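In my numbering, the protein residues as written are 287 to 1304.
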């Protein structure tokens, strides 16, 4: 009894196979419609932010008393990679970063541990500390942002309207979060003259005490009767500014109305909270994130319908504009990828029709939608959505998934030409090539194993490449052995009698290939030596290829950062932002621009490098009309920052792909003493500036901040009954304003803030003349009598990494060169500096090259597993160590084509290209194992070894060339992609050269390896 033949079984059950085809195509169409759509795949942000406030403390005090204590405890965190922090006056911000290898499912548990650990040391923090507050949702993406502007409405009225819109949107199933942006909190200000209070014998503390006592919310008891419990209520809480004005204070034996000694007004926070402007107009933003597992395009439709309904009832004077529209971006991106996929399908089919003929080409054509349909079903089962990575993987797969179908159809065609009937020809491929094809398919899939199992953020981001390619390759093999014979049996006609027999390999193109192969085998040592020499040259030439991490995004937005000196006010930052807006206004290349003052933009795009709130920072998102327009606007802004914005540091950058890096070139200087670290950092910056490829070299510790220091004469102060706390409280209430109580208005809580009038609180010169009094003393004296006022500079911000002060010296790069190249140019020049560093001080490379090294290391860690899988598969198929090693030796030959392709087209070699190079090894070995197996079959069939080498190469020549052409030409549409282009060029160049070497070098190597002698002439 012969071996079971799956293809023959399928042909005997043609009705069932036909039914399954229709069913699978229908299921695939349904899955295609139901699969989620997104711009990027989800990946876990392994960063948590811990923020703590300590009003009144200096940056140094915050560092020592708050940041250091929390960091010390955080070092116990499992999976911890590093702890970074910055301490500013009154504020500590700590970034807890987990190792890239942290399992995504473990991250939420680690954040729970962080909360517990920090909570355990809460009692050790100084009195007056507020927090810590935890943010473990740092990676939430707000892909849809609306800006609401108004004419004739107050900010509060606009905010109330936007709140109502927010509540409507939260009812949508696909909406996860909806956050308001640019809202200015209301305040009730009580502004007094410090001098006037002193003349009346009233201290600021008395004013505060009266207001707090009047508005206190205190239980007033419950009356218990025989039948009821009746609560008592005491009136008197503040209901309006008029009520506040009626409050009375006692001074020198008489009552004084608060409204007579203070100006009471309702206004917005001063200094303002982070603000939002759209096209130069004040606005309130509404940022919306998608619920986990949602469909971005479906969300866009739901939002459009809801906003259209709300807009119909929108009050006249309020305008709603869309700032960020990720659903449209996703729709456009998927449409573009589908067009590229269609182009690739047309190219692959063109190859099939031209090489195999009309009917054989039709067999391949029908296999493609079937493989894609089954792949879509599997993607839905495994929860893989359509996005940048999975769609790119589908295009990569397209050139590979037709390989098995082409091999099966080509074998069927040849066998029919040799006289086999359709049934026997259609089922023959299963017995001769099915298992070598399966081995080759598994080896190709194994080439993507490092992508699938890399324990890193980059690996998680690109996981879908492995998943989709593996699924489609396995599906293509199943289709090739079950459905392709059925389709071929149905479509291909029985050939006419005439050209039956082995002479098929002695006519046509084979007449030209045979002597070339024969020459290569006879001159095997020349071929082997030449190939080895070219390979060594390509290894050397690869050093000339520029390296990168991930390419920039091709989205039309520009991110414009404005950073003023440390300590600059948010008002000053806003003024500089207005200057930039004036430059952008009426620019024909710009669609819109959105300005965030005092903070960065929300994460409207997954890989965005988020900037936390800071008064001296503003960010403008400029939406241009296209790629060319984006570059024109970028050049214009870069020049403007060089010439017109001398008070700030401006940065114009495109959006990134992959995990965010920030500045592409970075070097970290760390050590125990901040001043020494600063000195070394300035030296590093000088070295970096000598490189002509760097631009805007700057440290993240900037200028020292200005401070007013009060040196209190404690003896005098005690005599007057004034403590340091009295001084601090009085100064805070006079200069900054002190929240006394809260005014309750419906669902709103409005702070009541007491402060000095503008003339007194905004004048540095008048500080020494401010009147202060103790809590238990009614006598006020000028501040200058109890304290000496001086002006100093102090650290405005203190950065640390792993509990040591660290300064990161950063730089942008000029166009036309990659960040890793520039970093490696600078690195040797810093070696001389490192030789003279004091003990415990370090200069470490960061930026794109560091992130790239982490990602590459995660891939490299899995490469041995890939090799083990490939070796095992080869041994199972070939069952010979010699033949297995022979096939393995062909894998690196793709480097010849990779180097040529990247250098010829000036394409950098980055993370995505590296994935292509690793996968290329599997593609090359796939062809090699099929050829070697064919040689062994022919030898086992009784052919002489020499004849078997030549004839097997001819038999496998057409399928090897056709499958390679399908893969190579199918990559051409992808080569124009900014993201996938480097991988496409890697595979095109590598596979082109490796395929030629498979049919020329491998036969020569086989003959040399097994010492095959040429036949003796008769």
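Idealized CB from N, CA, C, for every residue including glycine. All values reported here derive from a predicted model rather than from experimental measurement.
query, result
"Among 584, 953, 490 and 1180, whose alpha-carbon lies nearest the alpha-carbon of residue 1119?", "953"
"For the segment 1263 to 1271 against the segment 1170 to 1178, do three or more pairs of beta-carbon atoms, one drawn from each stretch, fall closer than 8 Å, so that the two count as touching?", "no"
"Which residue spans inside the segment 602 to 654 form an unbroken alpha helix (DSSP H) run of at least 4?", "612 to 642"
"Might you give, ordered along the chain, the residues of its own chain that have their beta carbon closer than 7 Å to the beta carbon of residue 565, omitting 5 neighbours on each side?", "878 and 879"
"Is the Cβ-Cβ distance between residue 634 and residue 1255 less than 9 Å?", "yes"
"I want to know whether the segment 473 to 493 touches the segment 997 to 1008 - three or more CB-CB distances under 8 Å.", "no"
"Between which two residues does the alpha helix (DSSP H) holding residue 704 run?", "Looking at the DSSP string, residue 704 is not in any alpha helix (DSSP H), and its letter there is neither H nor E."
"If contact is defined by three or more beta carbon pairs under 8 Å, each pair taking one atom from either stretch, is the segment 795 to 802 in contact with the segment 1222 to 1234?", "no"
"Which residue wins for smallest C-alpha separation from residue 1252, given the options 1235, 1240, 956 and 1281?", "1281"
"Assess contact between the segment 805 to 812 and the segment 868 to 878, defined as three or more Cβ pairs (one per stretch) separated by less than 8 Å. Is contact present?", "no"
"I need the straight-line Cα distance from residue 998 to residue 412, nearest angstrom please.", "22 Å"
"Helix, strand or coil: how does DSSP classify residue 987 here?", "coil"
"Please give me, in chain order, every unbroken run of the beta strand (DSSP E) with length at least 3 that falls completely inside the segment 1036 to 1097.", "1073 to 1080 and 1083 to 1087"
"Look at the Cβ atom of residue 1284, then the Cβ atom of residue 1214, and state whether they are nearer than 9 Å.", "yes"
"Apart from the five residues just before and just after residue 926, which ones in its own chain have a Cβ nearer than 7 Å to its Cβ?", "869"
"With a CB to CB cut of under 6 Å and the five nearest residues on each side skipped, what residues in its chain are close to residue 649?", "695, 773, 774 and 777"
"Report the rounded CA-to-CA distance for residue 860 versus residue 883, giving the unit in angstroms.", "6 Å"
"Grouping DSSP H, G and I as helix and E and B as strand, with all else coil, what is residue 1306?", "What the structure shows of the chain is the stretch from 287 to 1304, and residue 1306 is not part of that stretch, so it cannot be assessed."
"If you count every other CB in all the chains shown that lies within 10 Å of the CB of residue 397, and 16 or more means buried, which is it?", "buried"
"Look up residue 1307 in the DSSP assignment and say whether it is helix, strand or coil.", "Past the boundaries of the shown model lies residue 1307; the chain is included only from 287 to 1304, so the question cannot be answered."
"Check residue 536 in the structure and name its three-state DSSP category.", "strand"
"Go through its chain and collect everything with a Cβ distance to residue 740's Cβ below 7 Å, but skip five positions before and after it.", "1144, 1145 and 1148"
"Which residues in the same chain as residue 732 place their Cβ atom closer than 6 Å to its Cβ, once the five residues preceding and following it in sequence are excluded?", "1152, 1155, 1156 and 1208"
"Report, in whole angstroms, the separation of the C-beta atoms of residue 429 and residue 612, which I expect to be a contact under 8 Å.", "3 Å"
"Mark residue 693 as exposed unless 16 or more other C-beta atoms lie within 10 angstroms of its C-beta, in which case mark it buried.", "buried"
"Can you say whether residue 1140 is buried or exposed, counting buried as having 16 or more other CB atoms within 10 angstroms of its CB?", "buried"
"Taking C-beta to C-beta, are residue 1185 and residue 616 nearer than 9 Å?", "no"
"Where do the N-terminal and C-terminal ends of the beta strand (DSSP E) with residue 936 fall, by residue?", "935 to 940"
"In this structure, what does DSSP give as the bridge partners for residue 919?", "Partner(s): none; residue 919 has no beta bridge."
"Between which two residues does the beta strand (DSSP E) harbouring residue 391 extend?", "Neither: residue 391 is in no beta strand (DSSP E) and is coded neither H nor E."
"Whose C-beta lies closer than 7 Å to the C-beta of residue 713 among residues of the same chain, with five residues either side of it excluded?", "291, 293, 294, 297 and 771"
"According to DSSP, is residue 1193 helix, strand or coil?", "coil"
"Rounded to the nearest angstrom, what separates residue 306 and residue 706 at their Cα positions?", "27 Å"
"Please classify residue 909: does DSSP put it in a helix, a strand, or coil?", "strand"
"Measuring alpha carbon to alpha carbon, tell me which residue in 570, 990, 315 and 1036 is nearest residue 552.", "1036"
"Who are the Cβ neighbours of residue 560 in its own chain at under 6 Å, not counting the five residues just before and after it?", "884, 885 and 899"
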